Amino acid sequence: MKPVLPGRRVLTLLLLPLLLVWLADRLFPLPLPEDGLARVVLAEDGTPLWRFADAEGVWRYPVKVQDVSPFYLEALLTYEDRWFYQHPGVNPLALARAAWQNLSSGRVLSGGSTLSMQVARLLDPHARSLPGKLKQLWRTLQLEWHLSKDEILTLYLNRAPFGGTLQGVAAASWAYLGKSPMQLTRAEAALLAVLPQAPSRLRPDRHAQRAQVARDKVLQRLAQFQVWPQRAVDEALQEPVLLAPRQEPSLAPLLARRLNRPDSPPLIRTTLDAALQRRLEGLLLGWRVRLPEHTSAAILVVEHENMAVRAYLGSPDIGDARRFGHVDMVRALRSPGSTLKPFLYGLALDAGLIHSESLLQDVPRRYGDYRPGNFAAGFTGPVSASEALATSLNLPAVQLLEAYGPKRFAGELRGAGVPLALPSGAEPNLALILGGAGSRLEELVAGYAAFARAGMAARPRLQPDEALRERRLLSPGAAWIVRRILAGQARADRDPRAELVQRPVLAWKTGTSYGFRDAWAIGVGPRHLIGVWIGRPDGTPVPGQFGLASAAPLLLQVHDLLVNRDQQRGLQAPVQPVPDSIGVAAICWPLGQELARDDPNCRRQRFAWTLAGTVPPTLQAQDQPLGLGLLQPLWLDQAGLRVSAGCAGAHEAQMALWPAPLEPWLPRRERRAARLPQASTTCPPSLPPAAAPLSIVGVREGDRLRRPSGSSESLRLQLSALGGSGPRWWFLNGEPVAESQPGEGIEQRLETAGLYQLSLLDQSGSTARVEFRVED
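The letter at position 406 of the sequence shown is residue 419 when you use the working numbering, and the numbering goes up by one with no holes.
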């Protein structure tokens, strides 16, 4: 057997310890911390909005070395471990010095632990015994073996205890000082550097005097080692430690819950403006006293240039169970009421169906079994497209949707990222435009972005790394016209190239769902889109709650707040340029076409915004002829009397007549009977047999009715109809109230005093109307 060479024996003796160390490292690996469930949701500037603690209830704000103030790093290393970047994890000189100080004084004055040793104890706590100390030394060597000095320092910055459930310098800086650790002053840096030594005993919000004494000790050492100038240290010593009770992040809880997913990083970054979020949360909390019991509210503010969400309030208070505060109403599916109307008018402009002053009919209509009414009292009769949109009239919108097509309308919205939810198996119908579908606040705001982004609808961005997603909904011209109308600037008789007025103009629209369940207000401001919803999350009706009275005041208050903030920051309101496709035309009713002012068929002149020079004719209902159908041919003799086409000397003429359903709302001089020339007695025109005109019996135009003196009973009216044909439908102040057959009457009770409008519609589309007043 060959003898083992001395050199090989020596090599074996040298490698064996290394092998044992490597094996121990594999068998007892370094317990590096995992993410756990701790998360911090951040505003765009890094301000913590909300925090999710880990399984032990601890919350931390992860940072890197470069995210912390140099003052803090200097204070920490000078006080805790001056030779951190030079020693291998254990500083023998510091251990010897600490042992001598402790033995000579008879009590513990110094621990001699390096930062690496403190991190080892944080990662793997041990008992205060010799085996525990050996375990700490082993973990320290592992740290130095596997990690760089900056990585070890980062572990300390994020895991050091700062009192209660706080871990890490960033969490402590925000909780105690309300600022980023990068913004620490010298005095604040010294305070946070010493807190981990005794976090419970030195908590500055509870023991300010103790904390100040400990801080001053750190400052004096920094001056002693000439790390900071003596003058700077003297100034820092003058700062008192007076802190308010610790504040944990408590903003945007519903957005935080929405973004906190299993795969989310420890720092969840958002686009929110923390100061604005805080202001609006305070504002909405103050609004709770104005809201009925169990009613919630939501606000969404989006900067329309980049679609970044600046404020997200899904409810007034997540902890208010009576108001269902845990339900995020920004994402809830609700009936949008009239908030879809601007989309329809914009699409109709692009489709060439209307211009801004097209004549529409606000009169009773019947679509099969569907008889829509108006939210406001009564019907208006002839109304322009701009007036119908600005005042949110229902019947003109239904007329417009009938011409455009409900399926086409729903498809265009869906393609632009504004889907409408319908009951299972249901097809889009005319009720869509009055809220007969479901939508979400964030989706409606995405659609309203088209009015600020030259027709491009865009999805709100919640996080900085989220890509901008936009789709074409309207042409730039249609979007511009609708925004002008919603801003109250629909007059086109001014300079057509003039830009929006140089002031913070808000274009806005309200909406109310059936049964007063949802109140909406959505606005397009100079720099922001604002969406407001108010209602009960469980869908219970709230009588008397509607968009204009409930949601609009909150919208206007938010708008004023945003405008004031911009002015204080010196931000100028951007101006929306006028698209090249915009023009102005002098049109005449009832044809809706360009005519000379002195033309006999120009019964009422208006100035309209037009697209690409297109001037569509007056749009009529499907049971009425389009456009030129209003231009009735006549044969007149030399005396101007109507005659038959074959009469001697007859010549053809054309007369523009208003749509027949508008007759009851027209001045008498504009009605057909007054406009048509008299018929000749010598050669009368051949006329088709006409049904007797529809009229209301039981109350007359302008009547002033009184309830029985001294009686609290309601006033009873016995009503019937003459003329017309087929079934009749009765409307009181724009709302359907009864149906009757020929020869039948109805009884209508009137409970309160006031002005009433009674309207009647028959099967042929004929209408009648009377207005009267009831007095006490």
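Beta carbons are placed, not taken as given, at the ideal position from N, Cα and C, and that holds for glycine. Quick caveat: nothing in here was measured; it's all calculated off a predicted structure.
For residue i, the three-state DSSP class (helix, strand or coil)
| i | result |
| --- | --- |
| residue 167 | helix |
| residue 641 | At residue 641 the pLDDT is 48, less than 50, meaning the model places this residue with poor confidence and gives no usable figure here. |
| residue 511 | With a pLDDT of 48 at residue 511, under the threshold of 50, the predicted position of this residue should be treated as unreliable, though the coordinate-derived value follows. Coil at residue 511, not helix or strand. |
| residue 309 | strand |
| residue 434 | strand |
| residue 572 | helix |
| residue 227 | helix |
| residue 627 | strand |
| residue 773 | strand |
| residue 102 | coil |
| residue 182 | helix |
| residue 322 | strand |
| residue 188 | helix |
| residue 96 | coil |
| residue 749 | strand |
| residue 584 | coil |
| residue 828 | The structure shown does not extend to residue 828, since the chain is modelled only from 14 through 789, so no value can be given for it. |
| residue 79 | helix |
| residue 649 | strand |
| residue 251 | coil |
| residue 779 | coil |
| residue 485 | strand |
| residue 87 | helix |
| residue 122 | The pLDDT assigned to residue 122 is 47, lower than 50, so where the model puts this residue is not dependable; a value taken from the coordinates is nonetheless given after this. Coil, per DSSP. |
| residue 560 | helix |
| residue 221 | helix |
| residue 609 | coil |
Residue interval of the alpha helix (DSSP H) (run including residue i)
| i | result |
| --- | --- |
| residue 399 | 398 to 403 |
| residue 241 | Where residue 241 is concerned, there is no enclosing alpha helix (DSSP H), given that its DSSP letter is neither H nor E. |
| residue 490 | 489 to 499 |
| residue 130 | 128 to 136 |
| residue 522 | Run containing residue 522: none in the alpha helix (DSSP H); it sits in the beta strand (DSSP E), 520 to 525. |
| residue 412 | 407 to 417 |
| residue 200 | 199 to 207 |
Assigned exposure category for residue i - 16 Cβ within 10 Å defines buried
| i | result |
| --- | --- |
| residue 768 | exposed |
| residue 99 | exposed |
| residue 163 | exposed |
| residue 12 | The structure shown does not extend to residue 12, since the chain is modelled only from 14 through 789, so no value can be given for it. |
| residue 665 | exposed |
| residue 694 | exposed |
| residue 437 | exposed |
| residue 627 | exposed |
| residue 765 | exposed |
| residue 120 | Per-residue confidence for residue 120 stands at a pLDDT of 49, beneath the threshold of 50, marking its modelled position as unreliable; no derived number is given. |
| residue 714 | exposed |
| residue 553 | exposed |
Residue range of the unbroken beta strand (DSSP E) whose run includes residue i
| i | result |
| --- | --- |
| residue 331 | Element bounds for residue 331: n/a, residue is neither H nor E. |
| residue 303 | That residue, residue 303, is in no beta strand (DSSP E); it is neither H nor E in DSSP. |
| residue 544 | 541 to 548 |
| residue 52 | 52 to 55 |
| residue 599 | 595 to 602 |
| residue 735 | 728 to 735 |
| residue 265 | No beta strand (DSSP E) contains residue 265, which DSSP labels as neither H nor E. |
Cβ distance (whole Å) where residue i is taken to contact residue j below 8 Å
| i | j | result |
| --- | --- | --- |
| residue 548 | residue 535 | The Cβ separation is near 14 Å, so there is no contact. |
| residue 622 | residue 369 | 4 Å |
| residue 207 | residue 165 | The Cβ separation is near 20 Å, so there is no contact. |
| residue 366 | residue 632 | 6 Å |
| residue 325 | residue 265 | 5 Å |
| residue 524 | residue 351 | 4 Å |
| residue 763 | residue 735 | Not confirmed; about 22 Å, so no contact. |
| residue 422 | residue 445 | 7 Å |
| residue 711 | residue 727 | That pair is no contact at about 15 Å. |
| residue 349 | residue 373 | Wrong, their Cβ atoms sit about 21 Å apart, outside the cutoff. |
| residue 425 | residue 360 | 6 Å |
Closer than 7 Å: residue i CB and nearest the ligand HEM heavy atom
| i | result |
| --- | --- |
| residue 585 | The model depicted lacks the ligand HEM and carries no ligand whatsoever. |
Any chain C beta carbon closer than 8 Å to residue i
| i | result |
| --- | --- |
| residue 425 | No chain C is part of this structure, which consists of one protein chain only. |
Within the stretch 658 to 693, note down every full beta strand (DSSP E) run reaching 3 residues or more, in order along the chain.
-> Fully enclosed beta strand (DSSP E) runs of 3 or longer: 664 to 669.
Start-end ranges of the beta strand (DSSP E) lying completely within the stretch 356 to 382, minimum 3 residues = With a minimum length of 3 residues, the continuous beta strand (DSSP E) runs that stay inside the stretch 356 to 382 are 372 to 375.
Ranges of the alpha helix (DSSP H) found wholly within the stretch 441 to 479, counting only runs of at least 4 = You should have 454 to 461.
What are the start and end residues of each continuous beta strand (DSSP E) run of 3 or more residues lying completely inside the stretch 269 to 304, in chain order?
-> With a minimum length of 3 residues, the continuous beta strand (DSSP E) runs that stay inside the stretch 269 to 304 are 280 to 282.
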